[in-house]
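The numbering of the sequence shown is the working numbering, which starts it at 1 and goes up by one. Note that CB positions come from ideal geometry on N, CA and C, so glycine has one too.
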Amino acid sequence: MSTLAPPASRSRVLIVDDEIGPRESLRMLLKPAHEIKTADGARAALQEIAQFRPDLVIMDIKMPEMDGLEVLRRIKRIDPTIEVVMITAYASVETVRLALSHGAFEYLIKPFSRQDLESVVRRALGRREADLDKRGQVIRLVERMRSLAGKTRELEEAARREANEQSLRVTQLSILREIARTIVSQLDPQEMTVAVTEQLRRALGYDAVSITGDAEPVGPTASGTLVSCAIRDAGGVLGSLVVDNRASGLPIDPRETELLEMLSEFLAVAVRNSRLYAEIDSTRRSLEALIASAGDAIIAVKPDGGIEGWNPAAERIFGVAASAAIGRPIVDVLPAADYDDARRRLAHGTFTHSFEATTSLGDGRSVALSVTLSARRSGEGLIAIARDMTAQREVERQLHQSEKLAALGQLAGGIAHDFNNLLQSILGYAQLIKQNPRNAELVSRSLDVLETAAIDGAETVRRIQQFARLRPDERFVAVDLNEIVQEAVAITRPRWERTVAHENRPLELRLELGTVGEIKGRPAALTEMMTNLILNAIDAMPAGGTLTLGTRALDPIAIVTVADTGTGMSEQIRSRIFEPFFSTKGEGGSGLGLAMVYSIVTRHGGEIRVDSEPGRGTTFTMMFPIAGPEDADGDEGQEVAGARRAVRVLLVEDEEQVLATLSEMLRQLGHEVTTAAGGAAALAAFAPGRFDLALLNVGMPGMNGWELAERIRAVDPRIPLLFITGLGLRDDDRPRLDALKISACLFKPVRPGDLDAAIQAAAGV
1 MSTLAPPASR
11 SRVLIVDDEI
21 GPRESLRMLL
31 KPAHEIKTAD
41 GARAALQEIA
51 QFRPDLVIMD
61 IKMPEMDGLE
71 VLRRIKRIDP
81 TIEVVMITAY
91 ASVETVRLAL
101 SHGAFEYLIK
111 PFSRQDLESV
121 VRRALGRREA
131 DLDKRGQVIR
141 LVERMRSLAG
151 KTRELEEAAR
161 REANEQSLRV
171 TQLSILREIA
181 RTIVSQLDPQ
191 EMTVAVTEQL
201 RRALGYDAVS
211 ITGDAEPVGP
221 TASGTLVSCA
231 IRDAGGVLGS
241 LVVDNRASGL
251 PIDPRETELL
261 EMLSEFLAVA
271 VRNSRLYAEI
281 DSTRRSLEAL
291 IASAGDAIIA
301 VKPDGGIEGW
311 NPAAERIFGV
321 AASAAIGRPI
331 VDVLPAADYD
341 DARRRLAHGT
351 FTHSFEATTS
361 LGDGRSVALS
371 VTLSARRSGE
381 GLIAIARDMT
391 AQREVERQLH
401 QSEKLAALGQ
411 LAGGIAHDFN
421 NLLQSILGYA
431 QLIKQNPRNA
441 ELVSRSLDVL
451 ETAAIDGAET
461 VRRIQQFARL
471 RPDERFVAVD
481 LNEIVQEAVA
491 ITRPRWERTV
501 AHENRPLELR
511 LELGTVGEIK
521 GRPAALTEMM
531 TNLILNAIDA
541 MPAGGTLTLG
551 TRALDPIAIV
561 TVADTGTGMS
571 EQIRSRIFEP
581 FFSTKGEGGS
591 GLGLAMVYSI
601 VTRHGGEIRV
611 DSEPGRGTTF
621 TMMFPIAGPE
631 DADGDEGQEV
641 AGARRAVRVL
651 LVEDEEQVLA
661 TLSEMLRQLG
671 HEVTTAAGGA
681 AALAAFAPGR
691 FDLALLNVGM
701 PGMNGWELAE
711 RIRAVDPRIP
721 LLFITGLGLR
731 DDDRPRLDAL
741 KISACLFKPV
751 RPGDLDAAIQ
761 AAAGV
């Protein structure tokens, strides 16, 4: 590993980072070779600038109180010779451009090696030393020019005093002045060299004149036909001015040597300037090539809003050639409202502002753009960088569509999984009944299973309808959360005991129930919530463990916790557990449980939090608002006792099996039933006063329940109407129900008791 050798005079380095780790790491790396100061923030750094006067500042680009770019600008205002190296954890063309455009020497991207750090420090200090040398050269150049002016005057006086040399000296001075004008007017090194050497050759009649880059001048010939003068400045020898008359053999007048030496001093300045010009020109060409090859449109905008710069990417994105775009208003290609808003923000001190917009092109196409506007130097307008996001937006749209299709597939798979399990039970026990019709015990047990399977299937449909907002919630009543927990424990106890007995899993249940106030809610839904969480906790402890159920009050919030000591979850899984039909159990899980838990909690105005780590268990925390005195139930939930009576019912249902089932249920309840297999048959059978009530299926082919209800209402506005549906209802169906005076809407499958209760309520019993 290389180390920096301490220079004779130790350079001063200021390290600025709001994090102590990176700051101290840099300090220890650079301490052997440099004098180091550190600052933990922007303001401390600016104070150290005046006191410490560093040669180099190494600074993080992201700091809380003031970002690195603003600190960079302030440092350059204090002392532009201080070199600054920016450190960033991320790299982007915009970050690099901003840092370099404000005078940063270089940038380092975390993480970086020690060699990279040492290299950039060495180069930065080298450039500072060179810049300081250039400033000294300028001062020395001024002094030298003054000295040369004095020498010129002395030569002029000597020429006047010495009549025999007057003509030669005047000629030399004229040549010197003319060449000096050439040196000043020519910055390109090749053009300057050609012009100076040609002027000397023609003015003094030399065979050949050249400016070489040799470090040491060529030695003179014995015949005096070759003269070489060193071109040097404070930085060392830059080359040689060579006058060569060897071809003609004419000796070079010794009195011309002084002229050549004076000219060499001018040439030193010219060569240095031309080299600096070459570096600047190379940088300019690199920047122009960068702008020309950029994939984003880079547009220079004048203060009056006119376009003055238009790179090839802008031509491609907007379909407008540079010759046609230059001079046009920027709002011809960017939306005026978005551009004006961004310009106002920049005028109020914002350095950059980004926005997304869609613009229409002349050929009818629309282009989605991501635009970043930044201010140029004061009064010089703006720079707009526009990225064509059209293809990306299309990919995102397709991805979104693909995700929706995948979600539908997952939904269908989950529904198929649940219903296939239920159908397996129904089919199996139905076949057992057919094979053993005289086994009363088997038939009774099978019918219980069939009823349970049907109820479970109805519950799955209810969940889906609630997700789709096709089923109204039941009215809320006062609920004791401790009773909900105990009821869920009772429901899941068989599963708990079976797991312990059959799988030999050591499972422990702890109840930590505190005193909590009542909340408003649906007892069945809250019990379902706790049951799902308990069953999930059992599944999450394949090697056994402890399940802790707790309640407590944190007024005005009631808190319920379900904590297990099981396998836990990764962050990736934890972020998706509430997605409908997302499951980590493979075919063993439908993925509805936790999605329903989340839905139940939110419908009760509560919040749910999940804390989990792999191998350290999972804790679900549910928080519900405690019911206040104003939430008293009143008469809600109290059953109204009264006599029931048999009524004449018009039953309309297009499904033959459903029609037969509902008809039999109604007759068993004591009602008189007239059936109709569709809307047309119902209208043919209907007459005012013939029926006490009509029960209509909503989703029927030809004439649906809505249309049938409207036709019946036109004939008899007073007859009670009930809807029954397997599809569900949307929120926007409510006004239509009220307009048709529908007494209630029942959801398939319906139990006999619920069906009779709805009929009695609609008939006014």
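Nearest candidate by alpha-carbon position, reference residue i, set the options
{"i": "LEU241", "options": "ASP67, LEU250 and GLU265", "result": "GLU265"}
{"i": "LEU729", "options": "ALA744, GLU356 and ALA677", "result": "ALA744"}
{"i": "ARG552", "options": "LEU513, ASP733 and GLN657", "result": "LEU513"}
{"i": "LEU226", "options": "GLY235, SER210 and GLY236", "result": "SER210"}
{"i": "VAL333", "options": "HIS502, GLY615, GLU315 and GLU191", "result": "GLU315"}
{"i": "GLY678", "options": "ARG667, PRO701, ALA687 and LEU666", "result": "PRO701"}
{"i": "MET63", "options": "ALA39, ARG27, ASP55 and ILE78", "result": "ALA39"}
{"i": "LEU727", "options": "ILE557, VAL461, ARG576 and MET66", "result": "VAL461"}
{"i": "THR675", "options": "GLU656, PRO688 and GLY689", "result": "GLU656"}
{"i": "THR359", "options": "PRO494, ALA124 and PHE318", "result": "PHE318"}
{"i": "GLY521", "options": "VAL367, PHE476 and ARG510", "result": "PHE476"}
{"i": "THR661", "options": "PRO752, SER366, GLU396 and LEU250", "result": "PRO752"}
{"i": "ARG690", "options": "LEU696, ILE742, ALA680 and GLU672", "result": "GLU672"}
{"i": "PRO303", "options": "ASP340, ASN311 and GLY41", "result": "ASP340"}
{"i": "ASN245", "options": "ARG201, VAL331 and ILE280", "result": "ARG201"}
Test item: CB-CB of residue i and residue j under 8 Å
{"i": "GLY239", "j": "ILE231", "result": "yes"}
{"i": "ALA739", "j": "ILE712", "result": "no"}
{"i": "ILE557", "j": "PRO625", "result": "yes"}
{"i": "PHE351", "j": "ALA375", "result": "yes"}
{"i": "THR527", "j": "ALA478", "result": "no"}
{"i": "ALA300", "j": "ILE383", "result": "yes"}
{"i": "ALA627", "j": "ILE519", "result": "yes"}
{"i": "ILE61", "j": "ASP55", "result": "no"}
{"i": "ALA342", "j": "PHE355", "result": "yes"}
Cβ distance (whole Å) where residue i is taken to contact residue j below 8 Å
{"i": "ILE559", "j": "THR621", "result": "6 Å"}
{"i": "GLN57", "j": "LEU30", "result": "The sequence given here has Val at residue 57, not Gln. Not confirmed; about 12 Å, so no contact."}
{"i": "THR725", "j": "VAL750", "result": "About 10 Å separates the two Cβ atoms, so there is no contact after all."}
{"i": "ALA682", "j": "LEU708", "result": "6 Å"}
{"i": "MET767", "j": "ALA270", "result": "Residue 767 is absent from the structure shown; the chain starts at 1 and stops at 765."}
{"i": "LEU666", "j": "VAL649", "result": "6 Å"}
{"i": "ARG510", "j": "LEU535", "result": "ARG510 to LEU535, Cβ: 17 Å. No contact."}
{"i": "ALA289", "j": "TRP310", "result": "So it is not a contact: roughly 16 Å between Cβ atoms."}
Per DSSP, cross-strand counterpart(s) of residue i
{"i": "ILE61", "result": "For ILE61, which the question treats as bridged, DSSP gives no partner whatsoever."}
{"i": "MET86", "result": "MET59 and TYR107"}
{"i": "LYS520", "result": "ALA478"}
{"i": "PHE318", "result": "According to DSSP, which records beta bridges pairwise, PHE318 is partnered with nothing at all."}
{"i": "ALA324", "result": "The partner list for ALA324 (beta bridge, DSSP) is empty, contrary to what the question assumes."}
{"i": "GLY306", "result": "PRO329"}
{"i": "GLU607", "result": "MET623"}
{"i": "GLY236", "result": "ASP233"}
{"i": "ARG648", "result": "GLU672"}
{"i": "PHE820", "result": "Residue 820 lies beyond the stretch modelled for the chain, which goes from 1 to 765, so this question has no answer here."}
{"i": "LEU226", "result": "ASP244"}
CA-to-CA distance, residue j to residue i, given in whole angstroms
{"i": "LEU669", "j": "GLY705", "result": "24 Å"}
{"i": "GLY634", "j": "ARG498", "result": "Only weak support is given to the placement of GLY634: the predicted model assigns it a pLDDT of 43, under 50, and the value that follows is read from those uncertain coordinates. Cα to Cα, GLY634 sits roughly 43 Å from ARG498."}
{"i": "ALA761", "j": "ARG574", "result": "46 Å"}
{"i": "GLY517", "j": "LEU549", "result": "17 Å"}
{"i": "GLY617", "j": "THR567", "result": "5 Å"}
{"i": "VAL121", "j": "ARG387", "result": "35 Å"}
{"i": "ALA757", "j": "SER663", "result": "16 Å"}
{"i": "MET86", "j": "TYR107", "result": "5 Å"}
{"i": "GLU261", "j": "TYR206", "result": "16 Å"}
{"i": "ARG438", "j": "TYR429", "result": "14 Å"}
{"i": "SER570", "j": "VAL610", "result": "12 Å"}
{"i": "LEU276", "j": "GLY103", "result": "17 Å"}
{"i": "LEU547", "j": "LEU533", "result": "10 Å"}
{"i": "PRO614", "j": "GLN572", "result": "11 Å"}
{"i": "ALA5", "j": "ASP338", "result": "Low per-residue confidence applies at ALA5: pLDDT is 41, beneath 50, and the placement is therefore not dependable, though the value from the model is reported in the following sentence. ALA5 and ASP338: Cα-Cα distance of roughly 55 Å."}
{"i": "ARG114", "j": "SER25", "result": "10 Å"}
{"i": "GLY306", "j": "LEU69", "result": "28 Å"}
{"i": "LYS766", "j": "ILE252", "result": "Nothing can be reported for residue 766: it is not among the residues displayed for the chain, which extend from 1 to 765."}
{"i": "LEU46", "j": "ASP116", "result": "26 Å"}
{"i": "LYS741", "j": "LEU659", "result": "24 Å"}
Minimum Cβ-Cβ distance from residue i to chain D less than 8 Å
{"i": "ARG690", "result": "Protein chains in the displayed structure number just one, and chain D is not present."}
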